[in-house]
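Just so we're aligned: 573 in full-length UniProt numbering is position 573 of the sequence shown, and the numbers increase by one with no gaps anywhere.
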Amino acid sequence: MIADSPYALNNSLRLQSAPDVTKFDTELPLSNQKVPRKRSKLALDALNLPGLETYSIRMPTTRLSDVAATTPKSLRRQLKCFLRTHLCNTFHLPIWPSILINGPPFCGKTLLLEAVCGTLGAKLMTVSIGTVPANMRAWIDIFTLAKNNTPCVLHLDDIEGMEKHTTPAGTFRITCLLKSQLLRDLIGSGVAVVGETRSLLASLPQSVVDLFTQRMTFGMLSEEYRLGIFKQYLLDDVGDEFVISTSPQSDRMQLSEGLTCLELARRTPGYEAGDIIRLIGQLHMSGTLKLADGEMQAVDSDMEESDKVEPSARRPSFAFDPDALMSDESMDSKGVSSNSIVITRALVDEALSLVVPAVKNTAEFVTIPDVNWTDVGGLDSTKTQLYNRFMLLVDDWKRAQALGRRSGGVLLEGPPGCGKTLVAKALSNQAGLNFLSVKGPEVLNKFQGESERRVREIFERARACQPCLIFFDEIDAICPKRDSDESTGSRVSLVNQLLVELDGVDKHRSARVFVVGATNRKDMIDPAVLRPGRLGLHLVINPPQTPNERLAVLNACTRGATVPRIEGGITSLDELAKDPRTENMSGADLDNVLELAKQNAQLDRQDFISRTHLFAALAELCNSS
């Protein structure tokens, strides 16, 4: 009875699974009997550490020639020189062989690292920070494994997870271990450490950033490199001899309806390399489905023709399976060839709506607005002053540096609806500057120090995407007067941080970063922000004062009375601009009149705007206000 009890059964299982410690002690030397090597291994297993086989070491097959069309030459050279120096032991100074790569998602950080390792013939060991146990022994084992496979590159992915994965005390202990022992032991060992993060450096703990002796930042993918990616997979509708890819032209999809790769590159600002690859994949899928739809329509028409034939003359029919059209037998055993896919404008528009940049919904999204000076009515003097301040710097940058010109900043002031934001977007497009839009209230954060960190991140992102224009809308929200009753301690420190960054723009004259602020409450801004060298140029944007200025605004809103089509053309717009009721109307008010006129035309089931619609909309707007 006692032997059959569960307690006796458990005791027997424990005895069977217990290790034979005496066996280990008799096999080890006497000097090591106190701390047997087998026992230490069992103790490590008790800590649930993953085995070293969790981290794979491989030899990449990608080469630098494979990423030449997607990665800037400066980044390729910097990473290649760094790894070659430390892997080949040609550098004898006591410097840690560590470099940190940061950039937005899908920009090609990992692909560049694989290409450099493949070119240099170095092994790549990738470790995701989130999979590493929060103890020091795991890090020691990882670095030991890398040193046993030289030449080797230890790739630490998602380095920002070092702070999230452990407690602050744990992060501190691990960084101390890396600084005091692990990184020092790698000097001259043929092992280099490459950290990777999608976060901005300003958002990382300083203790983590200090682990890396060099930094490398991916900026916004330029139009030139976006064009190179499109040319690898698409063939222009017009003849084009410029081909970057070594793949044959038959492997590329055919553009139609006058589409070119250059047009696609200009329509995708803000897209990274991975985003463009996803876009091309969506085009391929849409084109394949279009081919399948064409085959289905052909089958349907054949079935309709067969229904018209006499029953006795019909051929034997079989069950129709629509899914068979997408099978291997229908579309060839290897799938649809790319050269048989034709890309139309409708497919491009659909793909652009489905595939958006990975960073579009973040505050770090940088793009080039689709707005030019023709969309801005009037404001000729404002355009001239902005040209002298920005366009000369951008177009003739070398001469501007030789003259020691300061980039400075501009403050656009005026009542709401006068086109301050539109002017900033048109300036960015006309000057070829990347555009980083920041809403003033979005910078504010209730936690201490977070608002200041946000300002640092904005300027860091702009420097990575230079030439870049930072547009602060409602800038009065982040730089109130420091001696006013509304300014608290956190607001004062925020203003000080903004002043530091504005001064940094002028110090780093090689960094083409420009700042434009917009406000309708200039009296609330701290005077230190408005001094020369910071936001020194003040431009007042008032509502259109004369009929000619109002006509210019209406003309810009309707693209010369063509979109939408207006009865009477410019003459009708001129009559509307001279109407006394339009005096003191802003550009937004005039655009609202046109919007109401469009609504009236749609209610009357017309595809154009008549004079009656225009003046009825004006009367309705005046009566409501």
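Every residue gets a Cβ at the ideal spot worked out from N, C-alpha and C, and that includes glycine.
Cβ contact annotation for residue 446 (same chain, cutoff 8 Å, sequence separation greater than five): none. With respect to the 7 Å criterion, residue 76 and residue 120 are not classified as neighbours on the basis of their beta carbons. Taking 3 residues as the minimum length, the beta strand (DSSP E) runs contained wholly in the UniProt domain "AAA+ ATPase" (406-545) are 409-413, 434-439, 468-473, 513-519, 537-540, in order along the chain. Judged by beta-carbon spacing, residue 122 lies beyond the 7 Å limit of residue 62, meaning their Cβ atoms are not closer than that value.
In the DSSP assignment, residue 58 forms a beta bridge with 124. When C-alpha distances from residue 64 are compared across 73, 56, 58, 57, the shortest belongs to 73.
Counting C-beta atoms within 10 angstroms of its own C-beta, residue 172 has fewer than 16 neighbours from the protein chains shown and is therefore classed as exposed. CA-to-CA, the gap between residue 163 and residue 133 works out to about 13 Å.
Excluding residues up to 5 positions away in sequence, 482 lie with their Cβ nearer than 7 Å to the Cβ of residue 492 in the same chain. Residue 464 has its alpha-carbon roughly 26 Å from the corresponding atom of residue 261. Around the beta carbon of residue 364, 16 or more other beta carbons sit within 10 angstroms, so the residue counts as buried. Comparing alpha carbon positions, the residue from 225, 58, 528 closest to residue 479 is 528.
The three-state secondary structure of residue 110, taken from DSSP, is helix. Residue 284 carries a helical assignment under DSSP once its states are collapsed to helix, strand and coil. For residue 214, DSSP records a beta bridge to 99. Around residue 389, the same chain offers 408, 410, 537 as residues with beta carbons nearer than 8 Å, after the five sequence neighbours per side are excluded.
In the same chain as residue 220, and ignoring 5 residues on each side of it, the C-beta atoms closer than 6 Å to its own belong to 366, 434, 465, in chain order. Minimum Cα-Cα distance from residue 494 among the listed residues 456, 461, 353 corresponds to 456. Per DSSP, residue 228 is one residue of the alpha helix (DSSP H) stretching across 223-233.
Per DSSP, residue 255 is one residue of the beta strand (DSSP E) stretching across 253-255. Residue environment: residue 467 is assigned as buried (16 or more neighbouring CB atoms within 10 Å of its CB, all protein chains considered).
Taking every protein chain shown into account, the CB of residue 226 has 16 or more other CB atoms within 10 angstroms, so this residue is buried.
Between residue 428 and residue 369, the gap from beta carbon to beta carbon is short of 7 Å. DSSP places residue 587 inside the alpha helix (DSSP H), whose first and last residues are 587-603. Residue 174 counts as buried, since no fewer than 16 other beta carbons sit within 10 angstroms of its beta carbon. Taking residue 136 as the centre and dropping the five residues before and after it, the same chain places the C-beta of 173, 174, 177 closer than 8 Å to its C-beta, in chain order. Contact fails between the stretch 268-284 and the stretch 372-388, because fewer than three Cβ pairs, one in each stretch, are under 8 Å apart. Relative to residue 56, the option among 111, 128, 293 whose CA is nearest is 128. When only Cα atoms are considered, residue 526 and residue 576 end up about 41 Å apart. A straight-line Cα-Cα distance of about 47 Å links residue 462 and residue 616.
At the C-beta level, residue 556 and residue 573 stay beyond 7 Å of one another. Annotation for residue 154: the continuous beta strand (DSSP E) segment containing it runs 152-157.
Rounded to whole angstroms, the Cβ separation of residue 470 and residue 515 is 5 Å, and the two are in contact under 8 Å.
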